[in-house]
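Protein chains in written order, with this note's numbering: chain A, 2 to 487; chain B, 2 to 487.
Heads up, the beta-carbon is just placed ideally off N, CA and C, and yes, glycines get one too.
For reference, the structure is listed below as structure tokens.
2 protein chains.
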Amino acid sequence: MAAAGSLAGWPGEALAQEPAAPVQAQPAPVKDVTRKLARFIVAAKPGDVPAPVRKEATRTLLNWLGVAVGASRHTTVDRAIAAVAPFAGPAQASVLGRAERFDIQTVTLINAISSHVFDFDDTHLKTIIHASGPVISPSLALAEYLPISGQDFLCALVMGIETAFRVGNAVYPNHYDVGWHITGTAGVIGAAAAAGKLLGLTEQQMVWALGLAASQPVGLRESFGSMNKSFNPGRAGQNGLLAALLAARDFTSSDGMLEAKRGWANTVSTKQDYAQITEGLGQVWETRLNTYKPFACGIVIHPIIDACIQLRNEYKIDPEQVRAINLKVHPLVLELTGKKTPREGLEGKFSVYHAAAVAVIFGKAGERQFSDGAVRDPKVVALRDKVTAVVDPAVKEAQADVTIVLADGRELHKFIPQAVGSVENPMSDAALEAKTRDLVQGILPEAQSRRLIESCWKVEALPRAGELATIASLAPQAAKAHAQKK
Amino acid sequence: MAAAGSLAGWPGEALAQEPAAPVQAQPAPVKDVTRKLARFIVAAKPGDVPAPVRKEATRTLLNWLGVAVGASRHTTVDRAIAAVAPFAGPAQASVLGRAERFDIQTVTLINAISSHVFDFDDTHLKTIIHASGPVISPSLALAEYLPISGQDFLCALVMGIETAFRVGNAVYPNHYDVGWHITGTAGVIGAAAAAGKLLGLTEQQMVWALGLAASQPVGLRESFGSMNKSFNPGRAGQNGLLAALLAARDFTSSDGMLEAKRGWANTVSTKQDYAQITEGLGQVWETRLNTYKPFACGIVIHPIIDACIQLRNEYKIDPEQVRAINLKVHPLVLELTGKKTPREGLEGKFSVYHAAAVAVIFGKAGERQFSDGAVRDPKVVALRDKVTAVVDPAVKEAQADVTIVLADGRELHKFIPQAVGSVENPMSDAALEAKTRDLVQGILPEAQSRRLIESCWKVEALPRAGELATIASLAPQAAKAHAQKK
Numbered sequence: 002m003a004a005a006g007s008l009a010g011w012p013g014e015a016l017a018q019e020p021a022a023p024v025q026a027q028p029a030p031v032k033d034v035t036r037k038l039a040r041f042i043v044a045a046k047p048g049d050v051p052a053p054v055r056k057e058a059t060r061t062l063l064n065w066l067g068v069a070v071g072a073s074r075h076t077t078v079d080r081a082i083a084a085v086a087p088f089a090g091p092a093q094a095s096v097l098g099r100a101e102r103f104d105i106q107t108v109t110l111i112n113a114i115s116s117h118v119f120d121f122d123d124t125h126l127k128t129i130i131h132a133s134g135p136v137i138s139p140s141l142a143l144a145e146y147l148p149i150s151g152q153d154f155l156c157a158l159v160m161g162i163e164t165a166f167r168v169g170n171a172v173y174p175n176h177y178d179v180g181w182h183i184t185g186t187a188g189v190i191g192a193a194a195a196a197g198k199l200l201g202l203t204e205q206q207m208v209w210a211l212g213l214a215a216s217q218p219v220g221l222r223e224s225f226g227s228m229n230k231s232f233n234p235g236r237a238g239q240n241g242l243l244a245a246l247l248a249a250r251d252f253t254s255s256d257g258m259l260e261a262k263r264g265w266a267n268t269v270s271t272k273q274d275y276a277q278i279t280e281g282l283g284q285v286w287e288t289r290l291n292t293y294k295p296f297a298c299g300i301v302i303h304p305i306i307d308a309c310i311q312l313r314n315e316y317k318i319d320p321e322q323v324r325a326i327n328l329k330v331h332p333l334v335l336e337l338t339g340k341k342t343p344r345e346g347l348e349g350k351f352s353v354y355h356a357a358a359v360a361v362i363f364g365k366a367g368e369r370q371f372s373d374g375a376v377r378d379p380k381v382v383a384l385r386d387k388v389t390a391v392v393d394p395a396v397k398e399a400q401a402d403v404t405i406v407l408a409d410g411r412e413l414h415k416f417i418p419q420a421v422g423s424v425e426n427p428m429s430d431a432a433l434e435a436k437t438r439d440l441v442q443g444i445l446p447e448a449q450s451r452r453l454i455e456s457c458w459k460v461e462a463l464p465r466a467g468e469l470a471t472i473a474s475l476a477p478q479a480a481k482a483h484a485q486k487k
Numbered sequence: 002m003a004a005a006g007s008l009a010g011w012p013g014e015a016l017a018q019e020p021a022a023p024v025q026a027q028p029a030p031v032k033d034v035t036r037k038l039a040r041f042i043v044a045a046k047p048g049d050v051p052a053p054v055r056k057e058a059t060r061t062l063l064n065w066l067g068v069a070v071g072a073s074r075h076t077t078v079d080r081a082i083a084a085v086a087p088f089a090g091p092a093q094a095s096v097l098g099r100a101e102r103f104d105i106q107t108v109t110l111i112n113a114i115s116s117h118v119f120d121f122d123d124t125h126l127k128t129i130i131h132a133s134g135p136v137i138s139p140s141l142a143l144a145e146y147l148p149i150s151g152q153d154f155l156c157a158l159v160m161g162i163e164t165a166f167r168v169g170n171a172v173y174p175n176h177y178d179v180g181w182h183i184t185g186t187a188g189v190i191g192a193a194a195a196a197g198k199l200l201g202l203t204e205q206q207m208v209w210a211l212g213l214a215a216s217q218p219v220g221l222r223e224s225f226g227s228m229n230k231s232f233n234p235g236r237a238g239q240n241g242l243l244a245a246l247l248a249a250r251d252f253t254s255s256d257g258m259l260e261a262k263r264g265w266a267n268t269v270s271t272k273q274d275y276a277q278i279t280e281g282l283g284q285v286w287e288t289r290l291n292t293y294k295p296f297a298c299g300i301v302i303h304p305i306i307d308a309c310i311q312l313r314n315e316y317k318i319d320p321e322q323v324r325a326i327n328l329k330v331h332p333l334v335l336e337l338t339g340k341k342t343p344r345e346g347l348e349g350k351f352s353v354y355h356a357a358a359v360a361v362i363f364g365k366a367g368e369r370q371f372s373d374g375a376v377r378d379p380k381v382v383a384l385r386d387k388v389t390a391v392v393d394p395a396v397k398e399a400q401a402d403v404t405i406v407l408a409d410g411r412e413l414h415k416f417i418p419q420a421v422g423s424v425e426n427p428m429s430d431a432a433l434e435a436k437t438r439d440l441v442q443g444i445l446p447e448a449q450s451r452r453l454i455e456s457c458w459k460v461e462a463l464p465r466a467g468e469l470a471t472i473a474s475l476a477p478q479a480a481k482a483h484a485q486k487k
């Protein structure tokens with residue numbers, strides 16, 4: 002990944018409570034990889050996690066609650082619930098943004114699907130992993146089912162996110178390039194780490210949980226643009242939860258499932274860099290590198306949207322006066338979002354042409370700009386047809402080079418070295434809050450939305466973390482009253 | 002796979018109702034692979050399946066019922082049930098061999114786990130796929146939940162098995178060689194085919210079901226020798242069922258998940274032979290090539306056991322008079338079953354040394370010969386230490402070359418060109434029945450065992466196929482009475 006150069010170091014050294022061990026350039030010997038990771042996860046205490054890491058995990062949680070609640074009435078979620086509800090178990094946990102309650106496995110599936118529907122969740126830019134769906138969804142379901150403090154909950158989230166990112170680093174980019182939706186294939190292992198942590202697994206049980214999770218990677222990139230894409234983090238979260246539940250009952254796996262000859266990394270990738278998993282555990286934190294999308298679409302087109310919005314605002318561009326929008330882009334942009342003529346909202350998210358058009362017309366690229374209506378809006382269609390995109394090897398993945406040609410012949414140019422929402426140029430807490438508020442608006446009652454955001458920021462002070470799920474969902478009566486009032 | 006040469010043709014041509022189209026040697030164009038397969042599955046009627054194919058599927062069903070019931074009290078099953086029971090849904094289907102009833106998703110997991118615990122299930126020798134766990138388990142659960150005739154049930158099993166074998170053929174051996182447990186990675190697609198057929202999916206829904214299943218391959222070979230191995234067909238069956246349930250609610254996937262650039266075959270294998278999926282559908286039947294194990298362990302050591310038993314019986318060998326047992330074997334034998342010193346029964350199945358020893362001592366290699374007791378039996382340990390195995394490139398996978406050296410200096414030699422249980426030398430119906438009877442003995446009451454075998458042979462005459470599950474499990478009261486009587 003071209004842009005990873007700037008992120009590939011270990012910027013977390015400043016966060017170390019102990020001086021960080023120098024990180025080796027060469028891979029560690031292939032031994033005890035799964036066990037070392039398991040040992041770290043099992044031993045971790047909330048106080049071991051540096052404050053900035055806990056803060057980042059809290060931001061990840063806030064963003065996740067927003068996207069999961071925000072998409073909860075989407076057809077994708079409706080259909081998933083219709084498919085599994087007849088087989089669901091006891092009401093142990095809450096579907097966010099709705100009034101249904103099911104067993105924790107079913108709720109894990111639904112909430113993680115919901116949180117990925119808008120393509121608006123968090124991103125680890127080094128690997129394009131969206132960890133929160135697989136990791137937070139089973140954790141929150143467990144936190145409703147068991148008495149788990151906010152502190153322990155957040156610690157488990159960090160363990161899960163850290164695990165997903167580290168195993169992802171070990172196999173990226175080859176693993177992703179061949180076709181895996183890495184969110185579901187690395188995320189499942191993170192899910193087992195978080196769920197296993199909350200279940201209090203022993204080291205040996207955690208080894209098995211990681212192994213059972215490694216047996217269940219989910220997701221192929223061919224699914225992008227269909228509901229199947231959101232299913233991938235959903236099932237990954239559920240698979241990780243099941244792995245941890247089985248391990249808790251001493252259901253065994255092999256001891257070296259991540260690193261063995263016929264284990265995970267060798268089977269799912271032609272690259273295996275095990276040092277990324279085992280080096281610097283507890284000293285350098287990949288979790289710190291999580292980012293949040295200001296725009297409701299794939300991260301690869303954010304720099305272009307950023308550029309278009311900036312040009313629009315700086316020059317007060319009238320869309321009708323635009324003759325051409327010329328994009329120079331990283332190769333992945335056309336590979337992932339090259340749809341010239343999207344027919345519905347979801348496809349719009351995979352169209353850099355549509356994204357550039359709405360950015361210039363509306364000055365934003367939120368969920369509404371990727372609705373069916375927006376994709377079919379004649380003004381959008383007209384401007385979309387004026388967008389051209391060419392691959393430029395000089396443009397890095399987090400960059401964009403945009404020129405807007407106006408009817409009067411003026412050429413407005415903007416180069417984005419690092420789009421907003423990146424590690425170097427992160428969304429502020431206030432911007433994240435605003436994004437969350439927008440997402441939950443109209444789904445949760447106003448007072449409840451406020452309470453959700455407040456409770457999330459102070460998650461570590463909650464005696465029971467499961468409270469977050471109660472606040473983020475509707476009691477059956479409240480749901481009814483809310484619907485009648487609208 | 003060395004032995005595949007003799008099986009690689011399309012021996013099913015004799016079964017064709019129409020003259021078979023000549024099968025192309027070169028791969029078909031990569032287009033509409035998923036759709037062609039879906040179309041075939043959706044259109045198939047029970048009468049379209051030739052009688053010998055239906056007969057083979059019935060034999061597969063009988064063998065599967067035996068192994069699933071037989072292992073139902075195993076610790077692996079106990080632990081799996083303990084892990085998932087608290088989250089299970091309504092009592093819609095039966096755990097075979099036991100009295101528990103759960104929702105169909107949970108039961109699918111448990112029955113498929115159970116059926117693989119003894120490593121005694123069916124095998125497609127060309128790909129080493131054990132299709133019945135993933136395919137039959139969700140089908141039988143659905144057949145308890147919905148009114149499904151025996152005819153329709155058997156037709157769905159054929160569609161599922163045929164699908165698993167064909168997609169397996171498309172990627173084997175590269176896919177297996179790299180580390181995938183192909184039973185769970187091809188089986189999941191077969192499971193979706195069978196479950197989708199029973200749910201009456203449209204062609205488009207079946208395309209999605211196959212795609213959602215392709216997103217969820219399960220199982221790494223590193224798990225062999227642990228409980229995780231049986232989990233793989235279990236979760237694969239469940240994943241295929243979920244894929245079909247989602248598709249039935251129009252939960253979308255991509256249209257080309259099997260063949261697309263970032264789809265299943267390209268992502269999970271370096272070999273893609275799509276003609277194996279699309280050519281000769283309805284005319285040549287891979288299902289005919291399913292085989293059943295006479296011995297309760299991995300298929301690769303069957304020729305050796307066969308040779309040892311034959312030598313033992315021919316020469317009335319006294320184990321104490323054995324000085325050495327020298328094996329010449331195919332490379333996979335040592336790769337898969339090279340454990341010199343197994344410590345428990347399960348590990349014994351992955352020890353060619355143990356297998357040869359029990360074959361000479363007991364003249365059989367059933368489940369009892371792979372118990373913890375057998376593995377620790379001093380007589381077995383003593384003889385095991387006299388077994389040597391060397392790889393011989395001249396020995397094919399279905400073959401074995403065994404020499405037993407006696408204390409008096411005699412060297413007894415046996416070459417097995419094709420072990421019993423192979424396609425060319427299949428188990429007879431009577432032998433299959435005897436195997437099933439042995440397996441269910443002590444688990445089901447005697448009269449019920451007889452009824453199960455009878456009902457299975459006449460499955461196509463059953464008004465409701467789900468009846469098989471009732472007969473193969475215990476009513477809560479019956480379970481109690483049976484336990485008290487023992």
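query	result
Pull up the distance between the alpha-carbon of B:S150 and that of B:A39, whole angstroms please.	22 Å
Quick one: is B:T271 buried, meaning 16 or more other Cβ sit within 10 Å of its Cβ, or exposed?	exposed
Tell me the rounded alpha-carbon separation between A:R55 and A:M160.	11 Å
Mark B:E1 as exposed unless 16 or more other C-beta atoms lie within 10 angstroms of its C-beta, in which case mark it buried.	Since the first residue of chain B shown is 2 and the last is 487, residue 1 of chain B is not available in this structure.
Should B:R313 be labelled buried (16 or more other beta-carbon atoms within 10 Å of its own) or exposed?	buried
Please state whether DSSP places B:F416 in a helix, a strand or coil.	strand
Taking only the alpha-carbon atoms, compute the straight-line gap between B:A127 and B:N170 and give it to the nearest angstrom.	Residue identity differs from the one stated: residue 127 of chain B is Lys in this sequence, not Ala. Roughly 7 Å between the two C-alpha positions.
Quick check on the burial criterion: 16 or more other C-beta atoms within 10 angstroms. Buried or exposed for A:D409?	exposed
Which one of A:D307, A:K341, A:G226 has the shortest CA to CA distance from A:K365?	A:D307
Which term fits A:Q442, buried or exposed, when burial requires 16 or more other beta carbons within 10 angstroms of its beta carbon?	exposed
Taking A:V70 as part of the beta strand (DSSP E), name the residues at either end of that continuous run.	No beta strand (DSSP E) contains A:V70, which is instead part of the alpha helix (DSSP H) from 52-71.
Got a sec? Which residues, its chain only, sit under 7 Å from B:S95 by beta carbon, not counting five neighbours each side?	R102, V108, E145, A470, T471, S474
Which residues mark the beginning and the end of the beta strand (DSSP E) in which A:T404 is found?	401-407
Per the DSSP calculation, A:I326 is bridged to which residue(s)?	A:V388, A:I405
I need the straight-line Cα distance from B:L1 to B:L158, nearest angstrom please.	As shown, chain B starts at 2 and ends at 487. That puts residue 1 of chain B outside it, with no answer to give.
If you measure from the beta carbon of A:V24 to each beta carbon in chain B, is any gap under 7 Å?	In this prediction, A:V24 has a pLDDT of 49, which is less than 50 and means its spatial position is unreliable; what the coordinates show is noted afterwards. No, no contact with chain B.
So, for B:G467: in the same chain, excluding its five sequence neighbours on each side, which residues have a beta-carbon less than 6 Å away from its beta-carbon?	A144, E145
Considering only heavy atoms of the ligand SAH, does any lie closer than 6 Å to the CB of B:P394?	By its list of ligands, the structure shown contains no ligand whatsoever, and the ligand SAH lies outside what it can speak to.
Please compile the residues from chain B whose C-beta is within a distance smaller than 8 Å of the C-beta of A:N267.	V179, G180
Taking the straight line between their C-alpha atoms, what separation do you get for B:E461 and B:E455?	12 Å
Could you give the distance in angstroms between the alpha-carbon of A:A249 and the alpha-carbon of B:P394?	44 Å
Would you kindly work out how many angstroms separate the C-alpha atoms of A:V353 and B:V172, rounded to a whole number?	34 Å
Could you have a look at B:N426 and say whether DSSP puts it in helix, strand or coil?	coil
What are the start and end residues of the alpha helix (DSSP H) that includes A:A266?	265-269
Strictly by DSSP, which residues pair up with B:R99?	Paired residue(s): none; B:R99 is not in a bridge.
How many Å lie between A:F512 and B:A432 at the Cα?	It is not possible to answer for residue 512 of chain A, since the shown part of chain A is limited to 2 through 487.
In angstroms with no decimal places, state the Cα-to-Cα distance between B:L384 and B:T404.	14 Å
Would a check of beta-carbon distances place B:D104 closer than 7 Å to chain A?	yes
Using CA atoms only, rank isn't needed, just tell me which of B:A356, B:Q217, B:N267 is closest to B:L243.	B:Q217
Quick one, are the C-beta atoms of B:F371 and B:G346 less than 7 Å apart?	yes
Taking a contact to mean a Cβ-Cβ separation below 7 Å, would you say B:I444 touches B:G67 in this structure?	no
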